[in-house]
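K.L.:
Once you've had a glance at the structure underneath, I'll fire off some questions.
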Amino acid sequence: DPSISGQRFVGGLVGLVAERGRPGMIVSDNGTELTSTAVLVWSGEAKVEWHYIAPGRPMQNGYVESFNGRMRDELLNETLFLSLAHARAVVRAWADDYNTERPHSALGYATPAAFASEIEKQRPGRVQAVASDALARHNNRRSLVPAG
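Quick note: to get the working numbering, add 101 to the position in the sequence shown (first position is 1).
Pasting the structure below:
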């Protein structure tokens, strides 16, 4: 199952929200699973605003694109996966290392896990938007009404 359906993607979102809390907004590209009716319905029911970046404008989601590039360069281009289970295990180990062992200059040389822990201590229980307030005010939003 190397591809993912909108319904399966929503299942992952439900798990993330249960673990980390509901975000105010999610910013994504226009991938098939991200524009599915299942995602549109979930975002409406969960009261999570969804912002789609303009097609062909990955710089509008720079943090994610930077992460994707790093993962591609350090892991995906360098690894021959023997099976889907092997790929999942290797990707999980890489992500754990990225989030818990590597300091990031943009986070004051803290790891993402340590940075998130510190934010949670400062603002317990606060719902965090994934995007900046400026992006939240951006008027280039896609309607979240399911078709048909």
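Note that the Cβ used here is the ideal one computed from N, Cα and C, for glycine as well. In this text the structure is predicted, and so the values were computed from the model without any measurement.
Quick one: Cα of V228 to Cα of G125, how far?
P.N.:
Because V228 sits at a pLDDT of 43, beneath the cut-off of 50, its placement in the model cannot be relied upon, and the following sentence gives the value as read from the coordinates. Their backbone Cα atoms lie some 7 Å apart in a straight line.
K.L.:
To test your reading of the DSSP string, which unbroken beta strand (DSSP E) runs of 3 or more residues are found completely within the region 114-168?
P.N.:
Listed in chain order, the complete beta strand (DSSP E) runs (minimum 3 residues) inside the region 114-168 are 126-129 and 150-153.
K.L.:
Kindly indicate which three-state DSSP category S104 falls into: helix, strand or coil?
P.N.:
DSSP places S104 in coil when its eight states are reduced to three.
K.L.:
Might you give, ordered along the chain, the residues of its own chain that have their beta carbon closer than 6 Å to the beta carbon of T136, omitting 5 neighbours on each side?
P.N.:
Cβ neighbours of T136 beyond the five flanking positions: none.
K.L.:
For R203, which residues of its own chain have a beta-carbon under 7 Å away from its beta-carbon, when the five flanking residues on both sides are left out?
P.N.:
Excluding sequence neighbours, R203 sits near T212.
K.L.:
Looking at I127: is its Cβ nearer than 7 Å to the Cβ of W143?
P.N.:
No.
K.L.:
Let me know if R121 comes out buried or exposed under the rule of 16 or more other beta-carbons within 10 Å of its beta-carbon.
P.N.:
The residue in question, R121, is exposed, as its Cβ has fewer than 16 Cβ neighbours within 10 Å.
K.L.:
For A188, collect the residues of the same chain with a Cβ closer than 7 Å to its Cβ; drop the 5 residues on either side in sequence, then sort them by chain order.
P.N.:
F182.
K.L.:
Within a Cβ cutoff of 7 Å, which residues of the same chain sit near L114, ignoring the five residues on either side of it in sequence?
P.N.:
Here the set comprises W143.
K.L.:
To the nearest angstrom, how far is it from the Cα of G157 to the Cα of N178?
P.N.:
One C-alpha to the other measures close to 23 Å.
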